[in-house]
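Novice: Residue numbers (this note's numbering), protein chains in the order written: chain S, 6 to 253; chain E, 6 to 253.
Just so it is clear, CB atoms sit at the ideal spot from N, CA and C, and this is done for glycine as well.
This structure is in structure tokens; I'll ask about it shortly.
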DNA sequence: CGCAGACTTGACCGCGCTCAATGCGAGTGG
DNA sequence: CCACTCGCATTGAGCGCGGTCAAGTCTGCG
């Protein structure tokens, strides 16, 4: 996957941002309507992946970022002792790979959690187009800047917060990200396994389980497997509020 | 400090990157010799700050990034419960404020740990110049990309590593950053208090103290107050290696 | 129906936090 | 010069959160 996906798909479709339902979350918001065409010229609408596949692998040549169109992805790195470390989850409208622009190797692997389709953004083309479209350049600086902040927030979350606070934060983060897509902020299906949640939050799976049943006992959530309903958002916010704020 | 520093220094000096001893670590590496002048045109050589002052404060208007010329700085945010959370340390040749480009408010405050001078990089000018100098634009994307990775590394460090691993990692990070500046990688003065270290690493001060005396007992380091000597780099690396790698 | 993987629940224990006291060096003033 | 203070660092005692280990339960799928 280091090569642009086009390789395996000689007839890779040009993206059609115009008709994409995510255009208000994704790159197009950064460019005037008249310039969307130029964006479409460099973006390749990639193929779909199914559960378990990887969009790219750690330390492959990094030539592209990817915008998630549908589905869900987890990124993770393996440390030298062979353990996986989940570094993030990416949902539709979000862009992954921004951490891999610097040393031209992907810093992490991107695992597909459920049937997913992505748009491929070749980095060199993006840089080139950014020079011509100031608003696009600005948007990218902003995107990366927010990404730094999200990582910092996450580090802060891991540094001093209890298991309950971490889990409440994650649930609320997911909630607001679903809401942005006009989906229910209180009733959704977790795209990732408990294991991934635990790993991402620096906890043991057992702890995640325990906390979620505790939350359920307190009437804060209703959980059956990956089906989640948030019953008391304000209480969850109260718990999570020990740290700053969630993904905007 | 939200205003460019020039306000308080009407005669703010144009930067002289040409003669700066850090030019091989800092922005100039990104531009050809002939373009350094254009860089100097937009960079303001700021004034010096002394211990305890702030270069900028959280939630002030963010108009500039800052390159550290000399000294040392810690960045931190206060969460809503009023506690400080140290998010990073910045040494000469490093650029801070990259996390604050997105929503035009500083995401953190920058506290001066020892007598420090900085160069101010107005964001709007940087974006403009980046459009004209592709290598500068690329460099900035790279910088921000690495910053994302550093935060992720830090998050990983906090998520599963023991106190010893965290502290060994920090010591090695500092070591390599001193080395980059042609200073001794094994003998240096910590610019920050134990308190800041503890906060940054998500530990209690007492734990930092205990671990450092333990390291000393094992002959790994020699510490007297903030004077540190790393006696056994490989052993420290062995300890830290549970996670990935330090600041390049 | 049976198996494998994901999730839950329980019992136990250790790392690191908390609280509290003490040590130490720098700066200040008598 | 000492006495005093203040901030910072170190050291000790006790305990709780969350990790580990080990069963047990649920679920989807061939």
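Residues of chain S with CB closer than 8 angstroms to the CB of residue 153 (chain E), please, in chain order.
Specialist: The answer, in chain order, is 103, 104, 149, 152, 153 and 156.
Novice: Cβ of residue 33 (chain E) less than 9 angstroms from any chain S Cβ?
Specialist: Chain S contact via Cβ: absent.
Novice: Runs of 4 residues minimum, wholly inside the region 26 to 97 of chain S: which ones carry the alpha helix (DSSP H) assignment?
Specialist: Entirely contained in the region 26 to 97 of chain S, the alpha helix (DSSP H) runs reaching 4 residues are, in chain order, 41 to 47.
Novice: In this structure, how does DSSP classify residue 114 (chain S) when only helix, strand and coil are distinguished?
Specialist: Correct three-state label for residue 114 (chain S): strand.
Novice: Using the beta-carbon count (16 or more within 10 Å), is residue 34 (chain S) buried or exposed?
Specialist: Residue 34 (chain S) should be labelled exposed.
Novice: Name, please, each residue of chain E whose Cβ falls closer than 9 angstroms to the Cβ of residue 197 (chain S).
Specialist: In chain order: nothing, as chain E lies at least about 16 angstroms away.
Novice: For residue 243 (chain E), report the span of its alpha helix (DSSP H) as first-last.
Specialist: 238 to 245 is the span of the alpha helix (DSSP H), which, as asked, contains residue 243 (chain E).
Novice: Residue 130 (chain E) CB to nearest chain S CB: under 9 angstroms?
Specialist: By this cut-off, residue 130 (chain E) is not an interface position.
Novice: For a contact meaning CB atoms closer than 9 angstroms, what does residue 246 (chain S) contact in chain E?
Specialist: Here the neighbours are 84, 85 and 86.
Novice: With 9 angstroms as the threshold, decide whether the Cβ of residue 139 (chain E) is near any Cβ in chain S.
Specialist: It does: the Cβ of residue 139 (chain E) has a partner Cβ on chain S nearer than 9 angstroms.
Novice: Distance, Cα to Cα, residue 204 (chain E) vs residue 218 (chain E)?
Specialist: Those two C-alpha atoms are separated by around 18 angstroms.
Novice: Rounded to a whole number of angstroms, what is the C-alpha to C-alpha distance between residue 92 (chain E) and residue 202 (chain E)?
Specialist: Approximately 10 angstroms, taken between the alpha carbons.
Novice: Cutting at 7 angstroms between CB atoms, please list the residues of its own chain near residue 40 (chain S), excluding the five before and the five after it.
Specialist: Cβ within range, chain order: 138.
Novice: Taking the alpha carbon of residue 130 (chain S) as the point to measure from, which residue in S:48, S:189, S:145 and S:97 has its own alpha carbon closest?
Specialist: When each option's Cα is compared against that of residue 130 (chain S), the closest is S:48.
Novice: Of all Cβ atoms in chain S, is any one closer than 9 angstroms to the Cβ of residue 165 (chain E)?
Specialist: Yes, residue 165 (chain E) counts as interfacial toward chain S.
Novice: Please report how far the alpha carbon of residue 236 (chain E) lies from the alpha carbon of residue 223 (chain E), in whole angstroms.
Specialist: Their backbone Cα atoms lie some 10 angstroms apart in a straight line.
Novice: Suppose you measure from the CA of residue 15 (chain E) to the CA of residue 193 (chain E); what does that come to, to the nearest Å?
Specialist: For residue 15 (chain E), the pLDDT reaches just 45, beneath the cut-off of 50, and the residue's location in the model is therefore unreliable, leaving the point undetermined.
Novice: By how many angstroms is the C-alpha of residue 109 (chain E) removed from the C-alpha of residue 128 (chain E)?
Specialist: The alpha-carbon atoms of residue 128 (chain E) and residue 109 (chain E) are separated by roughly 10 angstroms.
Novice: Hey, could you find the ends of the beta strand (DSSP E) residue 227 (chain E) is sitting in?
Specialist: Taken as a continuous stretch (DSSP letters only), the beta strand (DSSP E) holding residue 227 (chain E) covers 226 to 229.
Novice: Is it buried or exposed, residue 159 (chain S), if we count other Cβ atoms within 10 angstroms and call 16 or more buried?
Specialist: Its Cβ being crowded by 16 or more others within 10 Å, residue 159 (chain S) is buried.
Novice: Suppose the cutoff is 8 angstroms on Cβ atoms and the five residues either side in sequence are ignored; what does the same chain contact list for residue 152 (chain S) look like?
Specialist: Counting only Cβ-Cβ distances below 8 angstroms, and skipping sequence neighbours, we find 103 and 104.
Novice: For residue 201 (chain S) and chain E, any beta-carbon pair shorter than 9 angstroms?
Specialist: Chain E contact via Cβ: absent.
Novice: With H, G and I counted as helix, E and B as strand and the rest as coil, what does DSSP make of residue 197 (chain E)?
Specialist: Three-state result, residue 197 (chain E): coil.
Novice: Mapping DSSP to helix, strand and coil, what is residue 211 (chain E)?
Specialist: In this structure, residue 211 (chain E) counts as helix in the three-state DSSP scheme.
Novice: Hey, could you find the ends of the alpha helix (DSSP H) residue 235 (chain S) is sitting in?
Specialist: First-last for residue 235 (chain S): 232 to 235, but that is the beta strand (DSSP E), not the alpha helix (DSSP H).
Novice: Given a cut-off of 9 angstroms, decide if residue 241 (chain S) and residue 168 (chain S) are closer than it, judged by their beta-carbon atoms.
Specialist: No, the pair does not count as a contact, with Cβ atoms beyond the cut-off.
Novice: Which residue's Cα is closest to the Cα of residue 46 (chain S): S:61, S:66 and S:19?
Specialist: Selected option, being the one with the closest Cα: S:19.
Novice: Residues of chain E with a CB under 8 angstroms from the CB of residue 92 (chain S): which are they?
Specialist: Chain E residues near residue 92 (chain S): 157, 160 and 161.
Novice: Suppose contacts are defined by Cβ-Cβ distances below 9 angstroms. Is residue 44 (chain S) in contact with residue 148 (chain S) by that definition?
Specialist: No; because the gap between Cβ atoms is not below 9 angstroms, this pair is not in contact.
Novice: Looking only at its own chain, which residues have a Cβ that is under 7 angstroms from the Cβ of residue 119 (chain S), when we skip the five neighbours before and after it?
Specialist: The answer, listed in chain order, is 56, 76, 77 and 196.
Novice: Would you verify that the beta carbon of residue 44 (chain E) is, or is not, closer than 9 angstroms to some beta carbon of chain S?
Specialist: So no, residue 44 (chain E) is outside the interface.
Novice: May I have the straight-line CA-CA distance separating residue 189 (chain E) from residue 226 (chain E), to the nearest angstrom?
Specialist: Near 14 angstroms, if we compare the C-alpha coordinates of residue 226 (chain E) and residue 189 (chain E).
Novice: Report the option in E:161, E:155, E:187 and E:87 whose CA atom is closest to the CA atom of residue 246 (chain S).
Specialist: The shortest Cα separation from residue 246 (chain S) among E:161, E:155, E:187 and E:87 belongs to E:87.
Novice: In chain order, what residues of the same chain have a beta carbon less than 8 angstroms from the beta carbon of residue 37 (chain E), not counting five sequence neighbours either side?
Specialist: Correct list, in chain order: 140.
Novice: Below 9 angstroms on C-beta distance, what does residue 136 (chain S) contact in chain E?
Specialist: Those are 135, 136, 137, 139 and 142, listed as they occur along chain E.
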